[in-house]
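And the structure:
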């Protein structure tokens, strides 16, 4: 969906998203210790952390490239690959596990043909497992795009992802 | 038959290069002494088809790399008092386990299709299928002693076999603990 | 802002609230929102507008009301009737009959006399679900910032620390280190700059206490931190919070802005010499960052890899400076201690573990939700009375506390008092407060494997025992589960667990084997039943 | 600076507050096995081989980053510690592909030597047989990540001594691996100065010179204390201490 940034290490011409990112970098006075904040900001602007984008950040914060790469891959919140159009985030916290999240996980993965942590080949759905989203009272819980679904059943979950897969692919602008 | 039967000894060649067996032959004149002290009841250097019962000591060379090896290993365990991992492949997987970074399919394709000199030739059904991974012997059956080295030296083998023939599990001195 | 102004604003808010005939409070914490609380609030607002009741009825969104398994929850004030499972139809009926008609709707009403409510003692959660978390005035009206004002005007920093020490408060993050002692070490430590850090990286799967406090009463945490800043001599605070808690982050951001505008954070707070700022640092999905040295590295933009202690953060912390790190619930206890005095606090709970503890009760239990009980209350009371026991047709098997660092407590220990020492005695830990109930359908080897997989995933990879040992433990558990393991494997499993526990660098590795060790201790049979005999020599009779 | 006296394994020793227990032990010829430690680099306390028992402390502490206090009673030779050390080597052996027979540092390998020292006659842990990237794009060197023990000496020497910070650790837990720059082929790294320090400090056969075959490569590490003493004290020590 999001086109890769037009430029590499140079300041982009016309890609306004870099202006947004520069604003975050400036807010932290280009300090290296703000790396995680800047990566957060970059991911929310660009959708994921492409290599060139991380190089851009490393240069801006004057950090070694491998440091930036190391931090980006340490934290599971950061994606180095584009996400699917829809996200099925299944909570695998203890309460959800005890209440049968594993069965949902297996069924949904089977329906999508990919494992959790992956995106379907057509880019329709990303399957993500989360470490307790803190809605244990509603276990098992999944977040479908931004919608929290509590007390989810196996069939219900499979049906929801089935709808996403069946959706006609949007024409990218 | 003699009143006190000689210990029944076997050697087995699983997934290895037979280098450990070669090293065994390096015992040279000591082999003659061994011949007096033991009965070699099963070994790749003699033509014996089935692994017999009631073996006292077996030296197993090589990793467990095929279904047949697996079957053999289990048979060996049930029929042998002392099982010895003979050399690095049996002890760690070693060179045999270098294939473990590839899938069985990848391996077969590479070996029998891409690199086959006379064109693609998939192995016939007679050859035992490969296990998913080549594994050291002790991951498959309980093992009583370990002989290290690629291959173990003749002296090391002598030390171990000499002890085993006396009915002792060899406690190899640290000098014989050598991988590679 | 002066103390008089604070009192004035609190009084005017109380006055404003009192003028409404009815106030309809809806829980919009994450749990209730996920079962439709947003629509319920929307309905109430629309009704108020439609019927032109803006002067008589106030619609308020609050934090967690506790009974999370039965949301959305609604409370109607001033008569304090609480409703559960409020869907749109129920909302309509409640508005019609109770808010307008004055007659409570029995069909959805929660019995206020149920043990779930009567057995709780609310200190940390006193405002949670009762106030509008996005309004600083609501917090002030409930006594917010009164303690900060008192500390700044009437107490020396040493006196604040002494009060915390006398209260006997212990760290609520799990380890139970005496808070007052920690504060005094930071106070005495030399450093040009000192930091106060709030650990809100609530990573235990099955725990949502901190999130609920932050969503329901964020100002209480800010106030606690500001008092800590005053007591220790720090001028900068950080709240390290998980990215998975967007609502808590939003409410904290709002709260910080409001407090700054009110002069309760920033320079010369309440015209005193205290300058104290708070910034948020958003975690990025790494459980190990709950470990304090990893957390600090993460705040500094690095991989969250722990380092050996000593030196402790209180001497050498953020940027090498003395740093106080406490957890959300610990800070949330500070204001009440200052306001009501250490004696009041110490009178609750047990002599060694005074005060209360918040637990997130979940799993196979009737009343799932957020509870607060005095320390030392028997586990049985939590499970059977407050929690209402396991659902019909099943029996209690174990309660898991402390998440991946804790253990399972079996039925035979149900009378155990819940405090730091007692839980440790049975191989579990207090942890941050997650409590998952398992019934007879839960297999304990599976449970152990679940937690071990978690630890494998979350190990930072720095030290060998944790990186590689947890992986081996997980492999062994899988081998056992799949019926391929022999008694030798079980022995190796136990040996590795003890080794990883003793040799790992940080708390994650040191406690990762606990779920295995504790299930082995109480449910060994479930492991043994899965074993196969190992192959042995079978002499053949000639 | 006051001298602190204490005992290690019953032997009275003395040292300064600023010296780690490991340093003091070595000055007194007391052998404590290490892997991530290297003279001249900062300590990280990661391999856990140098763990000690200290009387009055319930936790085991690493000698490389623990400092002495007066009358401390330190033990490094208890059966428990020996057992743990062996298990650590076992875990490392199972974690990578350590086929000594085909390794260029065979007989010159710190992991191999440690295995002998702790008497590792077989590995009970399950071999993981990783499938990590082997990178031979650099003109002079090769990195085989399957042999890496993640001691991070290369990361530290590149950052602390060479100052280039080519290497860092990516991912986490069991998936950790050493990466150059943006996880790119080493040969394409613009920050690498090809100084070869990382290759020399690597304790195993993960970072090696091209052209060496089995058992051919020896690693020299004495340059490190030499450089660091020169840099920090402006002293060019004639005899650099080789530890292993």
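Chains as they are written, first to last, in the working numbering: chain F, 1 to 173; chain R, 174 to 353; chain P, 354 to 895; chain E, 896 to 1139.
We put the CB at the ideal spot given by N, CA and C, even for glycine.
As the structure is a prediction and not an experimental result, all values here were calculated from the model.
Just mark residue 275/R as buried or exposed, buried being the case when its beta carbon has 16 or more other beta carbons within 10 Å. Answer is exposed; the Cβ neighbour count stays below 16.
Any contact of the segment 829-849 of chain P with the segment 317-328 of chain R, i.e. 3+ C-beta pairs under 8 Å? Look at the beta carbons and you see the segment 829-849 of chain P not touching the segment 317-328 of chain R: under three pairs across the two are nearer than 8 Å.
Between the CA atoms of residue 635/P and residue 41/F - distance to the nearest angstrom: Taking the straight line joining both Cα atoms gives about 11 Å.
Does the distance from the CB of residue 1055/E to the CB of residue 960/E come in under 8 Å? No, these two residues do not count as a Cβ contact at 8 Å.
Apply the 10 Å Cβ neighbour rule to residue 714/P and answer buried if 16 or more other Cβ atoms are within range, or exposed otherwise. When all chains shown are included, residue 714/P counts as buried.
Output yes if chain E places a C-beta closer than 8 Å to the C-beta of residue 270/R; else output no. Yes, its Cβ sits closer than 8 Å to a Cβ of chain E.
With distances taken from CA atoms, which of 482/P, 875/P, 430/P and 562/P is nearest residue 779/P? Comparing alpha-carbon positions, the option among 482/P, 875/P, 430/P and 562/P lying closest to residue 779/P turns out to be 875/P.
Beta-bridge pairing of residue 166/R - partner residues as DSSP gives them: A question about residue 166/R goes unanswered here, because the residues of chain R that appear run from 174 up to 353.
Kindly give me the distance between the Cβ atoms of residue 814/P and residue 1045/E, rounded to whole angstroms, as I take these residues to be in contact under 8 Å. Going by Cβ atoms, the distance from residue 814/P to residue 1045/E rounds to 7 Å, so yes, they are a contact pair.
Which whole runs of the alpha helix (DSSP H) in the segment 267-324 of chain R are 4 residues long or more, in chain order? Every alpha helix (DSSP H) stretch that sits fully inside the segment 267-324 of chain R and reaches 4 residues is listed by chain position as 277-282.
Is the CB-CB distance between residue 161/F and residue 88/F below 8 Å? Result yes, Cβ atoms of residue 161/F and residue 88/F sit closer than 8 Å.
Under 8 Å: do the segment 231-246 of chain R and the segment 177-185 of chain R share three or more Cβ pairs, one atom per stretch? Enough Cβ pairs lie closer than 8 Å, so yes.
Using a Cβ-Cβ cut-off of 8 Å, state whether residue 1138/E counts as contacting chain P. In this prediction, residue 1138/E has a pLDDT of 45, which is less than 50 and means its spatial position is unreliable; nothing more can be read from the coordinates.
Could you give the first and the last residue of the continuous beta strand (DSSP E) run that contains residue 752/P? Residues 749-754.
For residue 328/P, collect the residues of the same chain with a Cβ closer than 6 Å to its Cβ; drop the 5 residues on either side in sequence, then sort them by chain order. Beyond the ends of chain P as shown, which are 354 and 895, falls residue 328/P; an answer cannot be given.
In chain R, which residues lie with their C-beta within 8 Å of the C-beta of residue 890/P? Ordered by position in chain R, the residues that pass the 8 Å Cβ test against residue 890/P are 250, 251, 252, 253 and 254.
Neighbourhood of residue 724/P by C-beta, 6 Å cutoff - its chain only, sequence neighbours within 5 removed: Hits under 6 Å: 473, 712, 714 and 739.
DSSP state of residue 634/P, grouped into three classes? Of the three classes helix, strand and coil, the one that applies to residue 634/P here is strand, per DSSP.
If you draw a straight line from the alpha carbon of residue 1137/E to that of residue 729/P, how long is it in whole angstroms? Because residue 1137/E sits at a pLDDT of 46, beneath the cut-off of 50, its placement in the model cannot be relied upon, and the following sentence gives the value as read from the coordinates. Rounded to whole angstroms, residue 1137/E to residue 729/P spans 58 Å at the Cα level.
For residue 1105/E and residue 1037/E, which I take to be in contact (beta-carbon distance under 8 Å), what is that distance rounded to the nearest angstrom? In this structure, residue 1105/E and residue 1037/E form a Cβ contact; the two beta carbons are roughly 6 Å apart against a cut-off of 8 Å.
When DSSP labels each residue in this structure, what does residue 1139/E get in the three-state scheme? Below a pLDDT of 50, predicted positions are generally treated as unreliable, and residue 1139/E, at 40, falls in that range; the measurement from the model is reported next regardless. DSSP places residue 1139/E in coil when its eight states are reduced to three.
With a floor of 4 residues, list each alpha helix (DSSP H) that falls wholly inside the segment 690-740 of chain P, ordered by position along the chain. Listed in chain order, the alpha helix (DSSP H) runs fully inside the segment 690-740 of chain P are 695-699, counting runs of at least 4 residues.
Paired residues, beta bridge with residue 763/P - DSSP: Per DSSP, 751/P.
Report yes or no: do three or more beta-carbon pairs, one from the segment 580-591 of chain P and one from the segment 619-634 of chain P, lie closer than 8 Å? These segments touch.
Own chain residues within Cβ distance below 8 Å of residue 983/E, not counting five before or after: Cβ neighbours of residue 983/E beyond the five flanking positions: 942, 943 and 944.
Beta-carbon of residue 832/P versus every beta-carbon of chain R: anything under 8 Å? Residue-level contact by beta carbon fails for residue 832/P and chain R, as no gap is shorter than 8 Å.
Option nearest residue 117/R by Cα separation, candidates 948/E, 980/E and 1015/E: Nothing about residue 117/R can be reported from this structure: the residues present for chain R run from 174 to 353 only.
Using CA coordinates, which residue listed in 36/F, 108/F and 80/F is at the minimum distance from residue 163/F? Selected option, being the one with the closest Cα: 108/F.
Start-end ranges of the alpha helix (DSSP H) lying completely within the segment 27-58 of chain F, minimum 4 residues: Within the segment 27-58 of chain F, the complete alpha helix (DSSP H) runs of at least 4 residues are 35-46.
With a CB to CB cut of under 7 Å and the five nearest residues on each side skipped, what residues in its chain are close to residue 360/P? Answer for residue 360/P: no residue qualifies.
Thinking C-beta only, is residue 679/P closer than 8 Å to residue 524/P? Contact flag set, yes.
With a cut-off of 8 Å on the beta carbons, I'd call residue 639/P and residue 75/F a contact; round off their distance for me. For a cut-off of 8 Å, the C-beta gap from residue 639/P to residue 75/F is around 5 Å, short enough to register as a contact.
Does any C-beta atom of chain E lie closer than 8 Å to the C-beta of residue 17/F? Among the CB atoms of chain E, none fall inside 8 Å of the CB of residue 17/F.
Whose Cβ in chain E lies nearer than 7 Å to the Cβ of residue 61/F? Simply none; closest approach about 13 Å.
Which residues in the same chain have their Cβ closer than 7 Å to the Cβ of residue 538/P, if we skip the five residues on either side of it in sequence? Closer than 7 Å at Cβ, skipping near neighbours: 667.
Quick check: is the beta carbon of residue 306/R nearer than 8 Å to any beta carbon in chain E? At a cut-off of 8 Å between beta carbons, residue 306/R contacts chain E.
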